[in-house]
DNA sequence: CTCTAATTGAGAAAGTTTCTCAATTGTATA
DNA sequence: TATACAATTGAGAAACTTTCTCAATTAGAG
Ligand SMILES: [Zn+2]
Ligand SMILES: [Zn+2]
Ligand SMILES: [Zn+2]
Ligand SMILES: [Zn+2]
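Chains as they are written, first to last, in my numbering: chain R, 1 to 146; chain Y, 147 to 292.
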């Protein structure tokens, strides 16, 4: 069935799926594409709505299944907000942290991880062996400050 | 109706509610007590189960309502985990960050906030005005390392 | 002690997520 | 390119979670 990405892009994405023995289906592509083209995080329902504009027949269950797959592949991340964690955004490349604008919901990438050095330090201070961390920053983006 | 805390403790808690014009009900006390006595975060259902040991008649809706109230009072925080954010823990005093042990689920308090200085720095780097942050650390606690 | 507004329990309702299964479809192989 | 097969899908049912409604109860003020 049809590709939803340009050929070079498509092959790259296909690779991602195939490495894990997964099919590169138009539904999975559509979910990924919708998130890639959004500058902000999206709720499941918004994702479903947008996906249906590309592939009208897509069922909600498939959106759930695709998101699960894409998160496993580290192509997509779940965004945790005060009132819940039912939103998703395209995963930044490598280890990064999102800055979420509380006015317009856009997601800005912060490319450095301030925790790398800190984790060691905290491990020593507390005796706990810190393995991973979860950091999100919230504020006002440039546009919304004006 | 009955107090679920020692008198000095009770008066302190009562204050918290009264300041916001809220009643100090046994149900709210029970939810708070359950979380205070747990060293780890608890799911809604576990909280309900434990609360019913103190107050057998307590309804699930009341647990939801109490948690909402306690979070508003900053006495309780929602814990965000990989697979969802349906768990709650007693709020640390002041601005702190929880370290969650991925083996035994216990929550260790980290008393310093590494983000205070960093927020300013990141604001300058990115142009985004950082207002708040959300940080959780994951690792292995002392006991589980042994 | 009395009064009142806030809170509660119970169950209904709404909303979210997962499951089931027959039909479809990517992809490996020939 | 055609074939075969396992993975995936859509649809709806089922399970689960959260919110709502309302009559009955109750904490706290006076
Ligand atoms: Zn903004
Ligand atoms: Zn980091
Ligand atoms: Zn969350
Ligand atoms: Zn902090």
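In this text, a Cβ means the ideal position worked out from N, Cα and C, and glycines have one as well.
Can you find a C-beta in chain Y that's less than 7 angstroms from the C-beta of residue 108 of chain R?
Residue-level contact by beta carbon holds for residue 108 of chain R and chain Y, with a gap shorter than 7 angstroms.
Does the CB of residue 128 of chain R have a neighbour CB from chain Y at under 7 angstroms?
Nearest CB-CB separation between residue 128 of chain R and chain Y: below the 7 angstroms threshold.
Using only the heavy atoms of ligand 2, determine whether one of them is closer than 6 angstroms to the beta carbon of residue 113 of chain R.
Correct: residue 113 of chain R has its Cβ closer than 6 angstroms to ligand 2.
Taking the beta carbon of residue 257 of chain Y as the centre, do at least 16 other beta carbons fall within 10 Å, making it buried, or is it exposed?
Classification for residue 257 of chain Y: exposed.
Using only alpha-carbon positions, find the residue among Y/243, Y/169 and Y/273 that is nearest to residue 216 of chain Y.
In terms of CA proximity to residue 216 of chain Y, Y/169 leads the group Y/243, Y/169 and Y/273.
From the beta carbon of residue 266 of chain Y, is the nearest beta carbon of chain R less than 7 angstroms away?
By this cut-off, residue 266 of chain Y is not an interface position.
Listed by chain order, chain R residues near residue 245 of chain Y by CB distance under 8 angstroms
Listed along the chain, the chain R residues whose CB falls inside 8 angstroms of the CB of residue 245 of chain Y are 122, 126, 128 and 130.
Work out the CA separation of residue 279 of chain Y and residue 264 of chain Y for me, nearest whole Å.
Per the coordinates, the alpha-carbon of residue 264 of chain Y lies some 11 angstroms from the alpha-carbon of residue 279 of chain Y.
Near residue 14 of chain R, what residues of its chain come up, given a Cβ to Cβ distance below 6 angstroms and the 5 sequence neighbours on each side ignored?
Only 24 meet the Cβ criterion.
Could you name the residues, in chain order, whose CB is less than 6 angstroms away from a heavy atom belonging to ligand 6?
As far as ligands go, the structure on display features ligand 1, ligand 2, ligand 3 and ligand 4 and does not contain ligand 6.
In chain order, what residues of the same chain lie with their CB nearer than 7 angstroms to the CB of residue 135 of chain R, ignoring the 5 residues before and after it?
Cβ neighbours of residue 135 of chain R beyond the five flanking positions: 97 and 115.
Completely contained alpha helix (DSSP H) runs for the region 60-129 of chain R, where each covers 4 or more residues:
Residue ranges of uninterrupted alpha helix (DSSP H) with 4 or more members, entirely inside the region 60-129 of chain R and ordered along the chain, are 60-72 and 115-126.
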